[in-house]
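A.B. asks: Protein chains in written order, with our numbering: chain A, 292 to 503; chain B, 292 to 503; chain C, 292 to 503; chain D, 292 to 503. A single structure is presented below for examination.
Protein chains: 4
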Amino acid sequence: MTHDADHEVYRRQGFGAELGLHGNMGFLLVDFVNGFADPAKFGGGNIAPAIERSRDLLAQARALRWPVAHSRIVFADDGADANVFAAKVPGLLALTEHAPASAIVDALAPVAGELVVRKTTPSAFFGTALAAWLTAHGVGTLAIAGCTTSGCVRASAVDAMSHGFRPVIVEDCVGDRAQAPHRASLFDLRQKCADVMMRDALLAAVRRRDAP
Amino acid sequence: MTHDADHEVYRRQGFGAELGLHGNMGFLLVDFVNGFADPAKFGGGNIAPAIERSRDLLAQARALRWPVAHSRIVFADDGADANVFAAKVPGLLALTEHAPASAIVDALAPVAGELVVRKTTPSAFFGTALAAWLTAHGVGTLAIAGCTTSGCVRASAVDAMSHGFRPVIVEDCVGDRAQAPHRASLFDLRQKCADVMMRDALLAAVRRRDAP
Amino acid sequence: MTHDADHEVYRRQGFGAELGLHGNMGFLLVDFVNGFADPAKFGGGNIAPAIERSRDLLAQARALRWPVAHSRIVFADDGADANVFAAKVPGLLALTEHAPASAIVDALAPVAGELVVRKTTPSAFFGTALAAWLTAHGVGTLAIAGCTTSGCVRASAVDAMSHGFRPVIVEDCVGDRAQAPHRASLFDLRQKCADVMMRDALLAAVRRRDAP
Amino acid sequence: MTHDADHEVYRRQGFGAELGLHGNMGFLLVDFVNGFADPAKFGGGNIAPAIERSRDLLAQARALRWPVAHSRIVFADDGADANVFAAKVPGLLALTEHAPASAIVDALAPVAGELVVRKTTPSAFFGTALAAWLTAHGVGTLAIAGCTTSGCVRASAVDAMSHGFRPVIVEDCVGDRAQAPHRASLFDLRQKCADVMMRDALLAAVRRRDAP
């Protein structure tokens, strides 16, 4: 847990400026798949409530015609693409194309026109066409939901920023299997990488900005 | 601070396997520049001791002929390359090519043949030739020192893993301006991305492996 | 030289559709540096006239407030970043930061606010922040001038397309040291990657599109 | 067709040095799928003979235990990932996961342990885990077969070089729908990017190098 004295250091050194909403919104849902919703597999903590709260955000994003992208971890059936990430977390190799654990949860199932990227690394941008797709769709600010906060969400947010998008972590729509890493990553992301907003605050800010 | 119950979740779900040393070693020093050594700028915490302990590791790496790479954050003099990272942390724009704050600390100054990459993002891999250079030099396992643990070191370690290298975070050679983020990132990195070893343990393991 | 029968194959298989102008324009000048303007170094052919014709295009781009980016090949003074490209073309290692040969030609010298990327590979996108910068500046269509058509221009155009930008090769503003490779690459680019337009036709199309 | 005078320019300017075989060999087969083997779709020219001659090279590569990777162009069933490449060549959108046209030809079907990357751009490296996989497998020199020479083979070879691998284009194992672009790209690749060798010469050179 960061202490008040820590916050003061970051404030004094000029971290944590607000990015604000610029350009078109896009929406990325990171790894909301059955295997990460299931505490017996890779889930637990506050992931289930994050999925539940993301339902309404996804519905709003669709109504507002934001480009929507989803990521899944998918390894080859024969394990030919086993990599360092899988060496560190061997169970990930079970997330093959047709394994139920690698399927996006029903509540957030993609619809036609939404991008689904398969990846074998934490970031949804690494080794995928996600950045190119968001660029071609004119996205300036990227709302991010998903799991886990300290893993694939964080890596994706860092890459979103590096690729030139303004990330907004939707605080109540990201989850992690343990709360200390969840909170520590939200702190870091807010200081160095992204805006962090509650779902309803984000939607209100978008509505305010886009009001005629 | 992660709790014992958290550790148990990670263990049960199969995180944190040891990567081990494979192939040739390489050494990356992340952002050990004057501005991050200086508590009045971006420094503080345990960064200074990490620099001190990295001196001997760098000397050993050179003696063992590991490919050595350094990273610096460098923005253009006219700020033309200001990006989202700089919007979040505006003071970074002062780290221009000839600003003393962007120069690598004297104690770890690069020598001929060592790669120095300039970057405008947390990861030393993003938008640089680092991965290609390590690949061309046949590096399999990448020892990482630098600062900050929760910022550029972590982003670089995640990318090192994604690019196919086995990262080893040298625990007493990485530092951060605040200790809670430092410890939280070491926990996450060890679970999902890298081996984490003390300097002397790493050197002993390398010597053991390479003994005739 | 491609023959009529070849064109017919491409037409029948559905290559060469027109991309058109979408979104904001950006302008990339590839490697218009002294060393590539000089027939005694890496220049020759129609590179000099391409530079001459790019002057007016650059002036127009600035007047229209397009984001403008330039690329240079720059290797480290100590050759530490020598790579496979330099193994293939050893003379490139002479293009160090302060070598006159690596400086952008006076006629097209960058002004404040224009991005200058240093690279050690053919593509101006590879290992640079160019894609992120164009994305952050909201570029949709990227006009490309520079040299050489069959080398760095072509590699940059392929990457521009892959990164989600619509490339327009400005035919009379790109040049090559030999005309057969120049013409062959224009053919390939038009079929599979980019629109190819003469400078005045491009400017007229932009004016037509943006007329009130 | 390049003329003798052109060759002389390249020679005088120092292009076309030989890379040679360094480190472990790997083998990449680019887009040898039914749709590119079929002159009624995207095939024709010398693609069929290139496939035929690649059979033996693939058998040898397997016997020598080279890491082997294949690429396929695959777009989503709903076209959600339609991009600039597909805007230029709309027929590519028919190459969906289960379309026979996107399946690797029977003669070169992947076996367990071989990487298969799906891509939506010319380069087999762009937006895929290919570079990371080759790095993790310790590849230094990458033999490249596939089609088309002037399209996906060329883009992949340029990226292979940029990622730090030494590309060898296997001249009689790459093919194109038209011969002028095929020959022009072989010329460019040999001057600026890769060694170009006939299959039997490559295998003989490898055997010579690795002889006890």
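C-beta atoms are modelled at their ideal positions from N, C-alpha and C, and glycine is treated no differently. Note that the coordinates shown come from a computational prediction; the quantities given were computed from them, not determined experimentally.
Could you please tell me which residues of the stretch 432-458 of chain A, in chain order, have their CB closer than 8 Å to any CB of chain C?
C.D. replies: Within the stretch 432-458 of chain A, the residues whose Cβ lies closer than 8 Å to some Cβ of chain C are S453, H454, G455, F456, listed in chain order.
A.B. asks: Can you check the stretch 311-346 of chain B for any beta strand (DSSP E) of at least 3 residues that lies completely inside it and give the ranges in chain order?
C.D. replies: Runs found: 315-321.
A.B. asks: Rounded to whole angstroms, what is the Cα-Cα separation between C484(A) and A398(D)?
C.D. replies: Each residue's Cα considered, the two are about 49 Å apart.
A.B. asks: Give a yes or no on contact between the stretch 327-338 of chain D and the stretch 425-444 of chain D, applying the rule of three or more CB pairs nearer than 8 Å.
C.D. replies: In short, these stretches touch, since the Cβ pair count reaches three.
A.B. asks: Should W357(D) be flagged as near chain B, meaning a C-beta pair shorter than 8 Å?
C.D. replies: It does not: the Cβ of W357(D) has no partner Cβ on chain B nearer than 8 Å.
A.B. asks: Just curious, the beta strand (DSSP E) that D486(A) is in, first and last residue?
C.D. replies: First-last of the beta strand (DSSP E) with D486(A): 486-488.
A.B. asks: Please name the residues in the stretch 300-324 of chain A whose beta-carbon is closer than 8 Å to at least one beta-carbon of chain C, in chain order.
C.D. replies: Here the close residues are G314.
A.B. asks: Touch check for the stretch 398-408 of chain B and the stretch 451-470 of chain C: three-plus C-beta pairs under 8 Å?
C.D. replies: No, the stretch 398-408 of chain B does not touch the stretch 451-470 of chain C.
A.B. asks: Where do the N-terminal and C-terminal ends of the beta strand (DSSP E) with S362(B) fall, by residue?
C.D. replies: Where S362(B) is concerned, the enclosing beta strand (DSSP E) stretches over 359-364.
A.B. asks: Does the CB of G429(B) have a neighbour CB from chain D at under 8 Å?
C.D. replies: Answer yes: the Cβ-Cβ gap between G429(B) and chain D drops below 8 Å somewhere.
A.B. asks: For a test of the three-state rule: what should DSSP assign to L355(A), helix, strand or coil?
C.D. replies: In the structure shown, L355(A) sits in coil (DSSP, three-state: anything other than H, G, I, E or B).
A.B. asks: Do L421(A) and A352(A) count as a contact pair if the criterion is CB distance below 8 Å?
C.D. replies: In this structure, L421(A) does not lie closer than 8 Å to A352(A) by Cβ.
A.B. asks: Can you name the residues of chain D whose CB is closer than 7 Å to the CB of D297(C)?
C.D. replies: Correct list: A469, A471.
A.B. asks: List the residues of chain B that T419(D) touches, going by C-beta distances under 8 Å, in chain order.
C.D. replies: Within 8 Å Cβ-Cβ: nothing; T419(D) doesn't reach chain B, min ~12 Å.
A.B. asks: Using alpha carbons as the reference points, say which of A367(C), M316(C), K332(C), A378(C) lies closest to L348(C).
C.D. replies: For the residues A367(C), M316(C), K332(C), A378(C), the minimum Cα distance to L348(C) belongs to M316(C).
A.B. asks: Counting only Cβ-Cβ distances shorter than 7 Å, please list the residues of the stretch 360-387 of chain D near chain C, keeping chain order.
C.D. replies: Residues passing the 7 Å Cβ filter: N374, V375, F376, A378, K379, V380, P381, G382.
A.B. asks: Residues of chain A with a CB under 9 Å from the CB of T426(C): which are they?
C.D. replies: Chain A residues near T426(C): A422, L425, T426, V430, G431, H454, G455, F456.
A.B. asks: Is A415(C) near the ligand GDP, in the sense that its beta carbon is under 7 Å from a heavy atom of that ligand?
C.D. replies: Absent from the structure shown: the ligand GDP. Ligands present: none.
A.B. asks: Compute the distance between the beta-carbons of P413(D) and A446(D), then report whether it is under 8 Å.
C.D. replies: Result yes, Cβ atoms of P413(D) and A446(D) sit closer than 8 Å.
A.B. asks: Output the boundary residues of the alpha helix (DSSP H) element that contains A434(C).
C.D. replies: Note, A434(C): premise wrong, no alpha helix (DSSP H); beta strand (DSSP E) at 430-438.
A.B. asks: Mind checking who L406(C) pairs with in its DSSP beta bridge?
C.D. replies: DSSP lists A360(C) as partners of L406(C).
A.B. asks: Output the distance between the C-alpha atoms of K410(B) and A296(D), rounded to the nearest integer angstrom.
C.D. replies: One C-alpha to the other measures close to 42 Å.
A.B. asks: By the criterion of Cβ-Cβ separation under 8 Å, what are the contact partners of A403(B) in chain C?
C.D. replies: Ordered by position in chain C, the residues that pass the 8 Å Cβ test against A403(B) are D369, A371.
A.B. asks: Measure the beta-carbon distance from A341(B) to V465(B) and round it to whole angstroms, keeping in mind my assumption that it falls under 8 Å.
C.D. replies: That belief holds up - the Cβ atoms of A341(B) and V465(B) are roughly 6 Å apart, short of 8 Å.
A.B. asks: Buried or exposed, going by whether 16 or more other CB atoms sit within 10 Å of the CB of R498(C)?
C.D. replies: With fewer than 16 Cβ atoms within 10 Å of its Cβ, R498(C) is classed as exposed.
A.B. asks: If we ignore side chains and look at the alpha-carbon of each, how far apart do V365(B) and G307(A) end up?
C.D. replies: Each residue's alpha carbon lies about 20 Å from the other.
A.B. asks: Grab me the residues of E388(C)'s own chain with a C-beta within less than 6 Å of its C-beta, minus the 5 sequence neighbours each way, in chain order.
C.D. replies: Excluding positions up to five away in sequence, the list reads V365.
A.B. asks: Taking 8 Å as the threshold (beta carbon to beta carbon), is L399(C) in contact with chain B?
C.D. replies: No, no contact with chain B.
A.B. asks: Report yes if the CB atom of G311(B) is closer than 8 Å to the CB atom of G429(D), and no otherwise.
C.D. replies: No, the Cβ-Cβ distance between G311(B) and G429(D) is not below 8 Å.
A.B. asks: If you measure between the beta carbons of C443(D) and A415(D), is that distance less than 8 Å?
C.D. replies: Yes, the pair counts as a contact, with Cβ atoms nearer than the cut-off.
A.B. asks: Could you round the C-beta distance between L383(D) and S345(D) to whole angstroms and report it? I think they count as a contact, below 8 Å.
C.D. replies: With 8 Å as the limit, L383(D) and S345(D) do not qualify as a contact, their Cβ atoms being about 22 Å apart.
A.B. asks: How many whole angstroms separate the CB atoms of T419(D) and G431(A), which I take to be in contact at a CB cut-off of 8 Å?
C.D. replies: Not really, about 26 Å apart at Cβ, beyond 8 Å.
A.B. asks: Taking the alpha carbon of P330(B) as the point to measure from, which residue in D463(A), R303(A), R457(A) has its own alpha carbon closest?
C.D. replies: That would be R303(A), whose Cα lies nearest to the Cα of P330(B).
A.B. asks: Count the other CB atoms within 10 Å of the CB of G326(B); is the residue buried (16 or more) or exposed (fewer)?
C.D. replies: Buried: at least 16 other Cβ atoms inside 10 Å.
A.B. asks: If you draw a straight line from the alpha carbon of E462(B) to that of A394(D), how long is it in whole angstroms?
C.D. replies: When rounded, the distance between both Cα atoms is 47 Å.
A.B. asks: Using alpha carbons as the reference points, say which of N374(C), P391(C), A400(C), A469(C) lies closest to A350(C).
C.D. replies: Ranking the options by Cα distance to A350(C), first place goes to A400(C).
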